[in-house]
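So the mapping is simple: the working numbering equals the position in the sequence shown, first residue as 1, plus 17. Where a beta carbon is used, it is the ideal one built from N, C-alpha and C, also for glycine.
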Amino acid sequence: MTENGFDLPPKAPPDVLAQRNALAEEVCRTLILAGIPTHRGDFGGDSEPAPGAEVHVDPLVTGGVLVEWNTEAELTSAAVNLLAGGVDPSDLPHAIRHYETVQTSMRDALTGILSSAGFQTEQADGHTYGTAVFVKSGRP
18 MTENGFDLPP
28 KAPPDVLAQR
38 NALAEEVCRT
48 LILAGIPTHR
58 GDFGGDSEPA
68 PGAEVHVDPL
78 VTGGVLVEWN
88 TEAELTSAAV
98 NLLAGGVDPS
108 DLPHAIRHYE
118 TVQTSMRDAL
128 TGILSSAGFQ
138 TEQADGHTYG
148 TAVFVKSGRP
């Protein structure tokens, strides 16, 4: 058990992490070639995310390579602040609906671009990774 009082899956071995990092670099190059602003992210980092595609390597055995879309802080903050104040889920404010549409549209676009380039992708587990794209493998 960890110091937080709950069990986490173990970290992947170094050779698996090296393969994931190589795949993440390939994903970054592919998205940059497509004209998508792209950067590597520190999974679970506390820094303010830059807008664009953020490519993470989740170091846990159950992890992998993930791509998240980050909007400008202004759009994210507008949605988060409304949610924090409480909203009626049956009548979401425009700012929240717009944010969700942007996230879903960009997830679908990233999936399409990576799949077209030959990557095997799928929608990541929403409870763990939100709207991220899970990149299962590189080009054949």
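Of all the options the options, which has the alpha carbon lying nearest to the alpha carbon of residue i?
i    : options                : result
V150 : R124, S133, A134, I130 : R124
A51  : L127, T138, T148, R156 : L127
H115 : I130, G103, D75, A96   : A96
V84  : I49, T118, E91         : I49
L100 : W86, E117, N87         : E117
G143 : T121, S132, A134, N98  : T121
Which residues in the same chain have their Cβ closer than 8 angstroms to the Cβ of residue i, if we skip the five residues on either side of it in sequence?
i   : result
E89 : P68
L77 : L25, P26, P27, K28, A29
Is it right to say residue i is buried, meaning 16 or more other beta carbons lie within 10 angstroms of its own, or is it exposed?
i    : result
F136 : buried
T47  : buried
E65  : exposed
Ordered along the chain, which non-local residues of its own chain (more than five positions away) have a Cβ less than 7 angstroms from that of residue i?
i    : result
C45  : T55, R57, V72
D105 : none
Please check the pair residue i and residue j, which I expect to be a contact at CB under 8 angstroms, by giving their CB distance rounded to whole angstroms.
i   : j    : result
P26 : T93  : Their Cβ separation, rounded to whole angstroms, is 28 angstroms, which puts P26 and T93 out of contact at 8 angstroms.
E43 : G155 : 5 angstroms
Spatial neighbours of residue i within its chain, please: CB distance less than 6 angstroms, with the 5 preceding and 5 following residues excluded, ordered by chain position.
i    : result
I53  : A70
E139 : F151
*contact_flag[the segment 25 to 41, the segment 106 to 124] where n(CB pairs < 8 angstroms) is 3 or more*: no
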